[in-house]
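Trainee:
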Amino acid sequence: MAVSTPTPPAAGSTETDVVVVGAGLAGLVATAELADAGKRVILVDQEPEASLGGQAWWSFGGLFLIDSPEQRRLRVHDSLELARQDWLGTAGFDRESDHWPRRWAEAYLQFAAGEKRSWLKEQGIGFFPVVGWAERGGYTATGPGNSVPRFHIVWGTGPAI
Numbered sequence: 003m004a005v006s007t008p009t010p011p012a013a014g015s016t017e018t019d020v021v022v023v024g025a026g027l028a029g030l031v032a033t034a035e036l037a038d039a040g041k042r043v044i045l046v047d048q049e050p051e052a053s054l055g056g057q058a059w060w061s062f063g064g065l066f067l068i069d070s071p072e073q074r075r076l077r078v079h080d081s082l083e084l085a086r087q088d089w090l091g092t093a094g095f096d097r098e099s100d101h102w103p104r105r106w107a108e109a110y111l112q113f114a115a116g117e118k119r120s121w122l123k124e125q126g127i128g129f130f131p132v133v134g135w136a137e138r139g140g141y142t143a144t145g146p147g148n149s150v151p152r153f154h155i156v157w158g159t160g161p162a163i
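Throughout, the numbering used here is defined as the position within the sequence shown, counted from one, plus 2.
1) Quick check: the Cα distance between glycine 29 and alanine 13, rounded to an integer number of angstroms?
2) I'd like the span of the alpha helix (DSSP H) that includes phenylalanine 113, first residue to last.
3) Under the DSSP definition of a beta bridge, which residues are partnered with valine 43?
4) In angstroms with no decimal places, state the Cα-to-Cα distance between methionine 3 and serine 120.
5) Can you name the residues that DSSP bridges to isoleucine 127?
6) Anyone know if the C-beta pair for glutamine 73 and glycine 26 falls short of 7 Å?
7) Is there contact between the stretch 127-136 and the stretch 64-72, where contact requires at least three CB pairs shorter than 8 Å?
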């Protein structure tokens, strides 16, 4: 059996372990985690550096968290079950083909109620001591959506994050 040896990269090329496509919040987190694990990572995005962060940049750095210390300090009574009820009441997962979106929603709710905030704090990201509403179901704020405030603004929004 012949042993193959890797071909060295061509002049002007870059060698990497992973290419992450998309510099939104998920891409930035994946890149940070891979780099922390010692991987060589290239991150590519269609947007210029001034709008790095995808939808997180446009959302003013707001993050969905469940039952956070900020919420408790403001006496906002939240829980994973209440967030699940709000999400499912808005999403309308009512078809058989909604299996994977429903699974994703559950995983995201677990993450937002669990390790999301602690991971961000470990990265040195702080939060304003207030919690707001990202949405509340239409212009009258009486429709489906978040029944309690869950929108956390980080210190250093947009490209600063």
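Using N, Cα and C, we set each Cβ at its ideal position, and we do this for glycine too.
Fair warning: this is a prediction, and the values are worked out from it, not measured in the lab.
Mentor: Taking the coordinates as given:
1) 28 Å
2) Following the DSSP letters along the chain, one finds phenylalanine 113 inside the alpha helix (DSSP H) bounded by residues 101-115.
3) Val20
4) Confidence is the limiting factor: at methionine 3 the pLDDT is only 49, short of 50, which leaves the residue's position unreliable, though a coordinate-based value still follows. Taking the straight line joining both Cα atoms gives about 50 Å.
5) According to DSSP, which records beta bridges pairwise, isoleucine 127 is partnered with nothing at all.
6) no
7) yes
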